[in-house]
Structures are given as structure tokens and as C-alpha cells.
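Participant:
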Amino acid sequence: AKGRELDAYDVPYGSLLLVSDGGKVKAGQRLIMWDPHRTPILSEAAGIVKFQDIEEGETVRAESERGQGAIRYVVIEHKGEKHPRIVIEDEGGKVLDFHYLPSKARIEVSEGQVVKPGHLLARQPREISGTQDITGGLPRVTELFEARKPKDPAAMAEISGRVELQTDKRRGKMTITVRSESGLEREHHVPHDRHLLVHTGDYVEAGDPLTEGPLVPHDILRIKGEEALQQYLLEQIQSVYRGQKQSINDKHIEVILGQMLRKVQVESVGDSKLLPGDVVDKFRFREENSRLANSLKVIDGGDTEFLEGDVVPREKLEQANAEAEATAGQPAKTRRPRPASARTLLLGITKASLSSESFLSAASFQESTKVFTEAALAGKVDELVGLKENVILGHLIPAGTSFKPYQQMALQREMVELAGALLGGAVEGEMTEAEIEAAVQQALTGRK
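All residue numbers for the sequence shown refer to the working numbering, where the first residue is 1084 and numbers rise by one.
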């Protein structure tokens, strides 16, 4: 279809683009080129190079290039308050751009050199082997499904706005300030040796990474929302399986992600029966808010049977008010109840299984003694609505012809046929349970 996205590729920092925006490409055509072994650090402005805290033997070591005789400096690991950086200044000494240099970075310019935007200032080695070990198989899938915080995660922008880098605000850390158009500010503190993906003056969207590293799923949920998190986890999990030449339909992973995001934590109870901090099923939470939407809260009971603070179904209250007015009494005064609010929780698959509404299902997975003890103390009742708990008890699973509403329809049909047989004729139309019971009782009484 026209305009449909067929594929997307992440472009590493410092890559050389071989195609133009809007141009046509063929299958197999090379789009970008980059150095897979080193990450370049490029100048964002034109000016004169100045070194700060770059001291041979303390923060850097000198290395001579083979066959050229030129000496280059390589940043070494060091302790203390010195943080080597390259500063770009204009002729008047005004700072136009600066870059902190992480350990093992190789400086490619000399002090006093004039540079232009895009000039190579330094190269930082990529840690390829470590990254492949983590992302290239089952450990990465486990990390995603268990919703664990990755090692050395990226700092994410809390709000959308312009970036401003500040240096000496915190000892040992660098401050990245994001300022929105409305004047709202958020500060992000990152170590000096982290490679930045943004520079002063850049515009970032909420949730964009500010430094290199994997994203934290909980931060994506908090900043960008549930849908963005589902998309991120789905893409990350699929990328691992695609790397192993395995094709899995998205729906299988989406079912698991749905269970991981099924719980919410109550933040404001409103006029509901929930408690602050309660972790409840998302569907139960929606049912409670739906009940409030179809109810009214009593402010003054008037001459009705309701008390102040009662949350009563709208139809029941209207009926009570009509009865009160019919006897010249005062109707109840009401207002709309306040709904509860909650935030979605991301649970790993292990914790999600143990947090199941069914204690039988949870106990059959892990920590059986703990689950049964907590269920007994809370006086829980298992409604047996899921597949697992029904299998444990040897019941038919709630699917297909064993689906509960289907069974109830079949049972009612059999009861109607039985009532018709006892009454000596076919019964027309549907009958309620009370009507069926009355008909059966009548037939049995007549036989006696």
C-alpha cells in the first residue's frame, strides 16, 4: 500500500548516509556506512579546539601512530575530580560546544586546531562482544519478559523541550537540563564518562534517550505510556528471535505482554470501595469505575432509606425518590461519585503468575505455601474462571462448549424442555429460573 512503512533501521551516530530523503531504493542497496568498531565524537560547531583536564600521565596517555610518527592521546581510567573534555571556542573565548571524553577514547585533534561542524574530535571503542552476549539470545529475552532493569541503562528525557548541558553542578556527574516551551524544567544527572546522544540546543521528545545504553521498560511506561511500552517490548523480543532466524507471530508475544500489564495500582480511591495502594486486576478496576458511573452518591437521604455517603445505583435511587415524593416526603439529594484513578504496573512473568486472581493458579506455579497462607488469611474465594485452575480440579476448561454462558444456555433449554414435558405440552418462549421452578413445582403438585 502507498505510504506504508516496510522497514526501519536505526542509524548509528557518525554514520555516512548514502541515500537522500524521499529517494527510491532497491532491495539489497546499501543505505548507510559506519565504523563497527569505534563510535566517533564529532564537533557540532566551528571554532578553535581547547583541552580541559587532559594531562599526560594523569588522565591520558600518549601513543604514537604506526608509520606516521604522530602522537595521539588516549583517555585512561582515573579517579578524582578531573574530567577530560574537548571544548570548542570562538575567537573571543566563548564556549560553543564541549564533549566529555570517556575512558579509552582516542583524541584525533590537537589543541588550538581550527575545526568545522562534523569534524572528527575523538573515537570511542564500541564494546561489541559484551553487547552481543547480552542481546544475542535467551538472556535478553528473559530480561525483557521478567521486566528487569538492564545494566548501565540510558537516561531518558522526562519531558519534551530544548537540551542544555551543565558541567560543574554536581561533583562527578554531568547535568542535562531539558526545558519545555512552557518553562517547565527537568534535570537528568549522568556520569561524566557516559557517551551523550544530545548536545546543547537539541530538541528532544519525552522518552528520547539522552545517553547511550538500553532503555528501562518501567521508565518507558511512566513517560510514554502503555502502548509505547508494548511496542518497544514486542520489537525487542522479536529482534532477538529474528537474529536466530525464527519467525514468531506477534499475537503470541502480545498475549504474554497483556498479562504483564494486567495489574494497576490505585492512586486515588475517589468514591470506590478500593484502598490506596491496592494492586488490582485492570478489569476489576474498570468494573468498579463502571459501577460508579451508573450510580449516584447520596448527600442528604431526605425521607428515603438511604444514608449520607451511600453510593446507590441510579435506577434504585430514582425509584426510592419517586416513592418518597408520592407520600409527600423529601427526595434524596445526590451528586456524581468520583471515579478511582490508578497507574498501570509492569510485572515480570513470574510475578504476574504469582499475582493471579486465582490462588489455585498461583500456588501451582511457585511459592505454594506462601500463596495458600496469604489466601487463607485474606479469606479468598477462587471463582474458577481461568483455564489452569479448572484443569487442576479436573473440571472442563472454560472454552468452546464448556464456556460458562454456553453451558447456562444449554441448561436453561433442558429445564424448559423438562418443564414442558411435566406440564404436558411445549413451553413457548424463554423462561426465567423462577418461572421454570414454579412450573416444575406445579407439575409435581398436580401429579400428587
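Where a beta carbon is used, it is the ideal one built from N, C-alpha and C, also for glycine.
Out of Arg1168, Leu1298, Arg1421, Ile1169, which has the shortest C-alpha to C-alpha gap to Val1352?
Facilitator: The residue with the shortest Cα to Cα distance from Val1352 is Arg1421.
Participant: For Phe1368, count neighbouring Cβ atoms within 10 angstroms of its own Cβ and tell me buried if that reaches 16, exposed if not.
Facilitator: Counting Cβ neighbours within 10 Å, Phe1368 comes out buried, since at least 16 surround it.
Participant: Helix, strand or coil: which one does DSSP assign to Tyr1096?
Facilitator: DSSP places Tyr1096 in coil when its eight states are reduced to three.
Participant: Going by beta carbon distance, what residues of the same chain come within less than 6 Å of Lys1416, once the five residues before and after it are set aside?
Facilitator: Within the same chain, Lys1416 has close Cβ partners Ile1382, Asp1383.
Participant: I'd like to know whether the C-beta atoms of Val1299 and Pro1233 end up nearer to each other than 8 Å.
Facilitator: Contact: yes.
Participant: With Val1094 and Ile1124 assumed to form a contact (beta carbons below 8 Å), what rounded beta-carbon distance in angstroms separates them?
Facilitator: No, Val1094 and Ile1124 are not in contact; Cβ-Cβ is about 16 Å, not under 8 Å.
Participant: Hey, quick one: how far does the alpha helix (DSSP H) through Phe1228 stretch, first residue to last?
Facilitator: First-last of the alpha helix (DSSP H) with Phe1228: 1221–1228.
Participant: Alpha carbon to alpha carbon, how far is Lys1162 from Leu1101?
Facilitator: Looking at the two C-alpha atoms, the distance is approximately 42 Å.
Participant: Between which two residues does the beta strand (DSSP E) harbouring His1335 extend?
Facilitator: Where His1335 is concerned, there is no enclosing beta strand (DSSP E), although the alpha helix (DSSP H) it sits in stretches over 1333–1343.
Participant: Is the Cβ-Cβ distance between Ser1126 and Leu1248 less than 8 Å?
Facilitator: For Ser1126 and Leu1248, no; Cβs fall outside 8 Å.
Participant: So which of Glu1295, Arg1144, Ala1145 has the shortest CA-CA distance to Thr1122?
Facilitator: Out of Glu1295, Arg1144, Ala1145, Glu1295 has the C-alpha closest to the C-alpha of Thr1122.
Participant: Kindly list the residues whose CB is nearer than 7 Å to the CB of Leu1227, restricted to its own chain and excluding five residues on each side of it in sequence; keep chain order.
Facilitator: Taken in chain order, the residues that qualify are Leu1316, Gln1319, Ile1320.
Participant: Decide if the segment 1258–1276 is in contact with the segment 1235–1247; the criterion is three or more beta carbon pairs, one per stretch, under 8 Å apart.
Facilitator: They touch, by the three-pair rule.
Participant: If we count the other Cβ atoms within 10 Å of its Cβ and call it buried at 16 or more, is Val1108 buried or exposed?
Facilitator: Exposed, since its Cβ has fewer than 16 Cβ neighbours within 10 Å.
Participant: Can you grab the Cα-Cα spacing for the pair Val1418 / Gly1385, in whole Å?
Facilitator: The amino acid occupying residue 1418 in the given sequence is Arg; Val does not appear at that position. Spanning the two alpha carbons is a distance of roughly 14 Å.
Participant: Where do the ends of the alpha helix (DSSP H) carrying Glu1047 lie?
Facilitator: Coverage of the chain is limited to positions 1084 through 1531, which leaves residue 1047 absent and any answer about it impossible.
Participant: So the candidates are Thr1410, His1301, Leu1479, Ser1355; which of them puts its Cα closest to the Cα of Glu1229?
Facilitator: Of the listed residues, the one whose Cα sits closest to Glu1229 is His1301.
Participant: Apart from the five residues on each side of it in sequence, which residues of its chain come closer than 7 Å, Cβ to Cβ, to Asp1364?
Facilitator: These residues qualify, in order along the chain: Arg1345, Lys1346, Glu1440.
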